[in-house]
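Chemist: Counting in my numbering, the sequence shown runs from 749 upward without gaps.
Each residue gets a CB set at the ideal place from its N, CA and C atoms; glycine is no exception.
Got a structure for you, questions after.
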Amino acid sequence: MSLKLPTLFTASNNVFWISKDGVQRFSQPASSIMTHHLDLLDLSSRPWSLVDAHRDAPAPSVALFANPLFPIYATLPNVTRYKQWVKDQRPMTHIMQPWDWDKEDWLNCMKLFDQFPELDQDTILEIKHHCGPLPRDIWGYIGDRTMFKNEVERAADALDSDAIYTILRRMEDLSETAADLASHKLLIVRRLSRDSTDLRSDAYEVDFKSTFAEELLRKRFSKLVLDDAERLFRACSLVPEASVFGGWIFEAQAMK
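Here is the structure:
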């Protein structure tokens, strides 16, 4: 969009057509709108159709994904948000990687936000310890550190071995994992490394969201009875995405 290449951008039920002639705004993704503009283009360029899906908004119109547009649909990993698109378009599903704490890119990106404060080294270390590598977590922690930590602690306290077992068994379904409130506070989805020429949907694994979340869960489940530990370990062995937790449970038992 910064290069003013022909782009369709949809957000909050508004459709914006961006091109070298400027920006035009439309209230609905009517096919006639796109037909008018697409007729003027070299369609071999495959104009992008970017859809930013709001949590409470209805699923976007399939007109936004019409040929020859190249659609990119950013949404919650909840299958109800994109099942119709998958049915009609058979697209690949890709997972956006969280930031890497070992690089300074995350801090440079956060500084682009208005009113983002200057951080000393101690605060940066605190953020890396308590937060997932995500803008929402970082803003939440800076806004009210006590409230942020309390919310994570409550999520950990709400879990028992049955709840952990349920989450583990649901990890094969990315939408189910993301929809769980406790897992949203404590866990994060990471894309496994992939070959960019491999035209398949991304594989993923589920990991602890932060060192703080990992410490809380390790403490809470350090005294698992053997039967519960065996049940959880078996669940992990059946779900490749949960391999991180299999190692954690095995380690807890081996140290007893």
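Taking the beta carbon of Cys857 as the centre, do at least 16 other beta carbons fall within 10 Å, making it buried, or is it exposed?
Modeler: Cys857 is exposed by the Cβ-count criterion.
Chemist: What span of residues does the beta strand (DSSP E) with Glu759 cover, start to end?
Modeler: Residue identity differs from the one stated: residue 759 is Ala in this sequence, not Glu. Run containing Ala759: 755 to 759, per the beta strand (DSSP E) assignment.
Chemist: Is the beta carbon of Arg968 less than 8 Å from the beta carbon of Asp955?
Modeler: Taking 8 Å as the Cβ cut-off, Arg968 and Asp955 do not qualify as a contacting pair.
Chemist: With 16 other CB atoms within 10 Å as the buried threshold, where does His959 fall?
Modeler: A small correction: the amino acid at residue 959 is Thr; His does not occupy that position in the sequence shown. Exposed, since its Cβ has fewer than 16 Cβ neighbours within 10 Å.
Chemist: Taking the alpha-carbon of Trp847 as reference, which of Ile936, Leu756, Leu965 has the nearest alpha-carbon?
Modeler: For the residues Ile936, Leu756, Leu965, the minimum Cα distance to Trp847 belongs to Ile936.
Chemist: Is the separation between the beta-carbon of Leu965 and that of Ala906 shorter than 8 Å?
Modeler: Result no, Cβ atoms of Leu965 and Ala906 do not sit closer than 8 Å.
Chemist: In whole angstroms, what separates the C-alpha of Ser767 from that of Leu798?
Modeler: Roughly 14 Å between the two C-alpha positions.
Chemist: Have a look at the DSSP bridge pairing and note the partners of Ile843.
Modeler: Beta-bridge pairing links Ile843 to no other residue.
Chemist: Alpha carbon to alpha carbon, how far is Glu874 from Val900?
Modeler: So the alpha carbons of these two residues sit roughly 15 Å apart.
Chemist: Suppose you measure from the CA of Asp950 to the CA of Thr823; what does that come to, to the nearest Å?
Modeler: So the alpha carbons of these two residues sit roughly 15 Å apart.
Chemist: Kindly indicate which three-state DSSP category Gln863 falls into: helix, strand or coil?
Modeler: The answer is coil: DSSP assigns Gln863 none of H, G, I, E or B.
Chemist: Hey, quick one: how far does the beta strand (DSSP E) through Phe764 stretch, first residue to last?
Modeler: First-last of the beta strand (DSSP E) with Phe764: 762 to 767.
Chemist: Taking Lys957 and Gly880 to be in contact with their CB atoms under 8 Å, please state how far apart those CB atoms are, rounded to whole angstroms.
Modeler: Lys957 to Gly880, Cβ: 4 Å. Contact.
Chemist: Shorter than 8 Å from the beta carbon of Gly770 to some beta carbon of chain B?
Modeler: In the structure shown, chain B cannot be found, because there is only a single protein chain.
Chemist: Skipping 5 residues on each side, what residues in its chain have a beta carbon closer than 7 Å to that of Glu962?
Modeler: Closer than 7 Å at the Cβ level, and outside the excluded window around Glu962, lie Phe956.
Chemist: Bridge partners for Trp796 per DSSP, in chain order?
Modeler: DSSP, once it has assigned bridges, lists Thr755, Phe818 as partnering Trp796.
Chemist: Take Tyr821 as the anchor and find which of Arg893, Met895, Arg948, Leu756 has the nearest alpha-carbon.
Modeler: Of the listed residues, the one whose Cα sits closest to Tyr821 is Leu756.
Chemist: DSSP beta-bridge partners for Tyr952?
Modeler: For Tyr952, which the question treats as bridged, DSSP gives the partners Arg939.
Chemist: So what's Phe960 in DSSP terms, helix, strand or just coil?
Modeler: Residue state, collapsed to three classes: helix.
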